[in-house]
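Chemist: So that we are looking at the same thing, I have put the structure below in structure tokens.
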Amino acid sequence: MTVLRFETEPDFFVEADAYGDPTNPPVLLLHGGGQTRHSWGDTARHVADAGWYALALDARGHGDSDWSAAQQYDIEHLAADLRAIAGQLDQKPALVGASMGGMTALIAEGERSGGMPSICTAIVLVDIAPRTEQRGIERIFAFMSRNQDGFANLDEAATAVATYLPHRPRPKDTSRLEKNLRLRKDAAGNPRYYWHWDPAMLARWQQSTAPDRTTANEERLYRAAQSLTVPTLIVRGGISDVVSEKVMAEFLDAVPHVQSVSVANAGHMVAGDSNHAFTLAVIDFLNGELANQ
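Structure, rendered in structure tokens:
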């Protein structure tokens with residue numbers, strides 16, 4: 017594994033872990049909101065073992081990437097980062113985006129200005145569609161809003177995650193969880209663990225997904241999806257409360273060239289809930305679609 021840094025605007029850097037041979041076709045893995053590049057589990061390694069050059073990115077404001085002093089965390093800025101990174105690669109990448117990462121991929125590719133060539137070879141949307149179930153989105157925001165004052169130890173953080181994801185067995189080893197946290201001192205000088213993302217993002221996202229903006233956001237994402245010309249797959253978590261069966265059916269009706277697969281017993285965090293099944297679905301899609309290009 018190699019750590020890379022991409023300058024996406026002057027003196028602003030996005031960090032990534034790279035796996036595999038850099039001469040192989042690249043695959044960019046884009047995590048969801050509030051996560052980091054470590055949320056992909058073993059997916060990046062398996063994708064690299066299958067003959068791809070896998071790069072797991074920390075989005076701006078997340079993990080080890082820069083935080084925006086101007087709080088520029090709207091989808092336009094995320095998409096601009098993605099276009100800048102894709103442009104620095106020797107080959108066009110396939111994009112695998114979970115939740116926020118999937119929306120970023122949709123906008124970055126689907127809203128290319130006139131005459132701009134495609135930035136990618138394929139897109140995999142991981143439990144995200146132009147329309148989502150509001151209750152599922154609100155549950156995510158509620159989880160992110162809690163514990164902004166941090167945790168006294170890793171066990172407290174593990175309890176918070178287990179409460180949010182009751183269908184997932186609580187891991188005995190908290191080392192992976194620690195990668196999503198920062199240890200720093202609070203105002204009283206006591207060490208505490210904090211989530212590895214900029215708290216300023218949450219307010220921006222809540223504003224952009226407010227009920228009065230829902231219709232406009234959905235229409236924008238549908239337009240972007242309908243303009244896609246690259247092979248596209250949506251992977252739905254079988255028990256997701258964000259992309260229901262109805263939501264996925266509506267998406268497939270509106271954008272019929274999109275392929276679909278459901279991963280049983282996985283929720284919105286598909287890669288974390290059922291990493292093996294998810295990774296196989298992604299590799300099968302990439303091998304099948306891109307072998308013919």
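Mapping of the sequence shown onto my numbering: residues 17 to 309, in sequence order.
We put the beta carbon where it would ideally sit given N, CA and C, even for glycine.
Could you tell me the boundaries of the beta strand (DSSP E) in which Gln242 lies?
Modeler: Numbered from 1 along the sequence shown, position 226 holds the residue referred to as residue 242. Not the beta strand (DSSP E): Gln242 falls in the alpha helix (DSSP H), residues 230-242.
Chemist: Could you compute how far the alpha carbon of Ser243 sits from the alpha carbon of Gly126?
Modeler: Taking the first residue of the sequence shown as position 1, residue 243 is located at position 227. Taking the first residue of the sequence shown as position 1, residue 126 is located at position 110. Computed Cα separation, rounded: 6 Å.
Chemist: Answer with buried or exposed for Val19, where buried requires no fewer than 16 other C-beta atoms within 10 angstroms of its C-beta.
Modeler: Residue numbering aside, residue 19 sits at position 3 when the sequence shown is read from its first letter. Under this definition Val19 is an exposed residue.
Chemist: For Leu181 and Leu46, I'd like the C-alpha separation in whole angstroms.
Modeler: Residue 181 sits at position 165 when you count from the first residue of the sequence shown. Residue 46 sits at position 30 when you count from the first residue of the sequence shown. Leu181 and Leu46: Cα-Cα distance of roughly 21 Å.
Chemist: Can you list, in chain order, the residues of its chain with a C-beta nearer than 7 Å to that of Ile250? Leave out the 5 residues immediately preceding and following it.
Modeler: Position 234 of the sequence shown holds residue 250. For Ile250, where only same-chain residues beyond five positions count, the Cβ hits under 7 Å are Leu141, Ala145, Met264, Phe267, Val274, Ser276.
Chemist: Can you grab the Cα-Cα spacing for the pair His284 / Ser256, in whole Å?
Modeler: Within the sequence shown, the letter at position 268 stands for residue 284. Within the sequence shown, the letter at position 240 stands for residue 256. Distance between the alpha carbons of His284 and Ser256 is about 5 Å.
Chemist: Out of Ala110, Trp211, Pro26, Val298, point me to the one whose CA is closest to Gly51's CA.
Modeler: Within the sequence shown, residue 51 is the residue found at index 35, counting from 1. With the sequence shown as reference, residue 51 is identified as Gln, and Gly is not the correct amino acid for it. For the residues Ala110, Trp211, Pro26, Val298, the minimum Cα distance to Gln51 belongs to Trp211.
Chemist: Identify, in the order they occur along the chain, each residue of the same chain with its Cβ nearer than 8 Å to the Cβ of Pro215, setting aside the five sequence neighbours on each side.
Modeler: Counted from its first residue, the sequence shown places residue 215 at position 199. Cβ within range, chain order: Gln164.
Chemist: May I ask which residues mark the beginning and end of the beta strand (DSSP E) holding Ser129?
Modeler: Here the question's residue 129 lines up with position 113 in the sequence shown. Element bounds for Ser129: n/a, residue is neither H nor E.
Chemist: Hey, would you say Val279 sits closer than 7 Å to Gly304, going by beta carbons?
Modeler: Here residue 279 corresponds to residue number 263 of the sequence shown, with the count starting at 1. Here residue 304 corresponds to residue number 288 of the sequence shown, with the count starting at 1. No, these two residues do not count as a Cβ contact at 7 Å.
Chemist: Taking the beta strand (DSSP E) that Ile250 falls in, what are its first and last residues?
Modeler: Reading the sequence shown from its first residue, position 234 is the one you call residue 250. Counting along the chain, the beta strand (DSSP E) containing Ile250 begins and ends at 248-253.
Chemist: Okay, do the segment 82-100 and the segment 172-180 touch, 3+ Cβ pairs below 8 Å being the bar?
Modeler: No, because fewer than three Cβ pairs between the segment 82-100 and the segment 172-180 fall closer than 8 Å, the two stretches do not touch.
Chemist: I'd like the list of long-range same chain contacts for His93, defined as Cβ closer than 8 Å, with 5 residues on each side in sequence excluded.
Modeler: Against the sequence shown, residue 93 aligns to sequence position 77. So the list reads Arg76, Ser84, once near-sequence residues are dropped.
Chemist: Since Tyr89 is in the beta strand (DSSP E), which residue starts that stretch and which ends it?
Modeler: Residue 89 sits at position 73 when you count from the first residue of the sequence shown. It is not in any beta strand (DSSP E) - Tyr89 carries neither H nor E in the DSSP assignment.
Chemist: Could you tell me the distance, in whole angstroms, from the CA atom of Ala138 to the CA atom of Tyr209?
Modeler: Indexing the sequence shown from 1 puts residue 138 at position 122. Indexing the sequence shown from 1 puts residue 209 at position 193. If I take the Cα positions, the gap works out to 37 Å.
Chemist: Rounded to whole angstroms, how far is the Cβ of Arg198 from the Cβ of Tyr89, which I believe are closer than 8 Å?
Modeler: As a position in the sequence shown, residue 198 is number 182, starting the count at 1. As a position in the sequence shown, residue 89 is number 73, starting the count at 1. Contact doesn't hold; Cβ gap of about 18 Å is too wide.
Chemist: Do you know how far the Cα of Val259 is from the Cα of Glu149?
Modeler: For the purposes of this step, residue 149 is identified with residue 133 of the sequence shown, where counting begins at 1. For the purposes of this step, residue 259 is identified with residue 243 of the sequence shown, where counting begins at 1. When rounded, the distance between both Cα atoms is 6 Å.
Chemist: Helix, strand or coil for Gln310, going by three-state DSSP, please let me know.
Modeler: What is shown of the chain runs 17 to 309, which leaves residue 310 out entirely.
Chemist: Checking the sheet assignment: what are the DSSP bridge partners for Gln275?
Modeler: To locate residue 275, count along the sequence shown from 1; it is residue 259. BP columns for Gln275 point to Leu249.
Chemist: Suppose you measure from the CA of Val271 to the CA of Trp56; what does that come to, to the nearest Å?
Modeler: For the purposes of this step, residue 271 is taken as the residue at position 255 of the sequence shown. For the purposes of this step, residue 56 is taken as the residue at position 40 of the sequence shown. Approximately 27 Å, taken between the alpha carbons.
Chemist: Met217: buried (16+ other C-beta within 10 angstroms of its C-beta) or exposed?
Modeler: Position 201 of the sequence shown holds residue 217. It counts as buried.
Chemist: Taking 7 Å as the limit between beta carbons, can you name the residues of its chain near Gly36, skipping five residues before and five after?
Modeler: Residue mapping note: residue 36 aligns to position 20 of the sequence shown, counting from 1. If we look at Gly36 and ignore the five residues flanking it on each side, its Cβ neighbours are Ala64, Trp68, Tyr69, Ala70.
Chemist: How would you label Thr231, buried or exposed, when you count the other beta carbons within 10 angstroms and need 16 or more for buried?
Modeler: In the sequence shown, residue 231 corresponds to position 215, counting from 1. Thr231 is exposed by the Cβ-count criterion.
Chemist: From this set, Arg21, Leu98, Gly288, which residue's C-alpha is nearest Arg186's C-alpha?
Modeler: Here residue 186 refers to the residue found at position 170 of the sequence shown. Cα-wise, what sits closest to Arg186 is Gly288.
Chemist: Taking the alpha helix (DSSP H) that Glu149 belongs to, which residues open and close that run?
Modeler: Sequence index remark: in the sequence shown, residue 149 carries index 133 (1-based). Note, Glu149: premise wrong, no alpha helix (DSSP H); not H, not E.
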